[in-house]
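Note sheet for the following structure.
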Amino acid sequence: MFGGFGGIGTPSGLVDVLMKAGSRELLLIGNDTGFPDIGIGKLVSNRRAKKLIVSHIGSNPNAGTFMSNGELEIEFSPQGTLIERIRAGGVGLGGILCDIGLDEDIVKRDKQRVTVNGSEYLIEPALTADISIVYAEKADEFGNLIYDKSARNTNPLVAMAGKITVVEAKEIVPVGELDPEAIITSGVFVDYVVQSEGVNWKWVWEPR
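Note that UniProt numbering gives residue 195 to position 195 of the sequence shown, counting from 1, and the numbers run on in steps of one.
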């Protein structure tokens, strides 16, 4: 499972580690497939994933090509539903009730329906991962995390939903140096913190 939104907030250094390690047959869970050569998009474009659970793939044409060719399985989940499933996994719930996609084949497939107070819902299973990778602006040595503006996006919830959570941090400081009021993710959710070697989160269409 990975944090980030269209490349912004993606732990690109950790993605590069997975690339260099030759990791394959991955099940990737996250908001999107990034761009072909940015962040998580590298894993998708280089055929390192066997399945994706995402809200959209439009920014990475390779994902669509591989899906059409039968090389890649993709489970689409509406963006809000997807994030709530990740949150549910992080807090130990089995799933959520959601009325989004009740009549959409791409959403409702193989999902149980229930009626509560006269309204019908799909049971959307919670999402967890063996490993979560996230990016933070600052981390202390215990794993408490602070994020930078919109780069925060899905990272706090992804950090909670991993059996093992690895953080790529721009800056690592001793315990006690972070303002407690600024901490978003508690270190109890974090297993490893590594120093980032730098990222570039400009959108691909912006001049560099």
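Note that the Cβ used here is the ideal one computed from N, Cα and C, for glycine as well.
Since residue i sits in a beta bridge, which residues does DSSP pair it with?
i	result
Leu52	Leu28, Ile74
Pro36	Answer is none; Pro36 lacks a bridge partner.
Lys108	Partner(s): none; Lys108 has no beta bridge.
In chain order, what residues of the same chain have a beta carbon less than 6 angstroms from the beta carbon of residue i, not counting five sequence neighbours either side?
i	result
Lys50	Glu25
Asp99	Tyr121
Asp148	Glu137
Can you tell me where the beta strand (DSSP E) with residue i in it begins and where it stops?
i	result
Leu122	119-125
Thr115	113-116
Lys149	First-last for Lys149: undefined, no H or E at that position.
Kindly list the residues whose CB is nearer than 7 angstroms to the CB of residue i, restricted to its own chain and excluding five residues on each side of it in sequence; keep chain order.
i	result
Asp105	none
Leu157	Ile83, Ile86, Arg87, Gly90
Just the Cα atoms here: how many angstroms apart are residue i and residue j?
i	j	result
Pro199	Ser12	With the sequence shown as reference, residue 199 is identified as Val, and Pro is not the correct amino acid for it. C-alpha separation (whole angstroms): 7 angstroms.
Gly89	Thr128	5 angstroms
Pro180	Thr165	21 angstroms
Tyr29	Arg48	As written in the sequence, residue 29 is Ile, which differs from the Tyr given in the question. Looking at the two C-alpha atoms, the distance is approximately 13 angstroms.
Ala139	Val167	8 angstroms
Leu14	Thr65	25 angstroms
Gly80	Ile96	12 angstroms
Ala126	Ile53	12 angstroms
Could you pull the start and end residues of the alpha helix (DSSP H) that residue i belongs to?
i	result
Gly80	79-90
Asp16	12-21
Taking DSSP as the reference, what is the three-state secondary structure of residue i?
i	result
Phe2	strand
Val188	helix
Ser132	strand
Glu168	strand
Glu137	strand
Val193	strand
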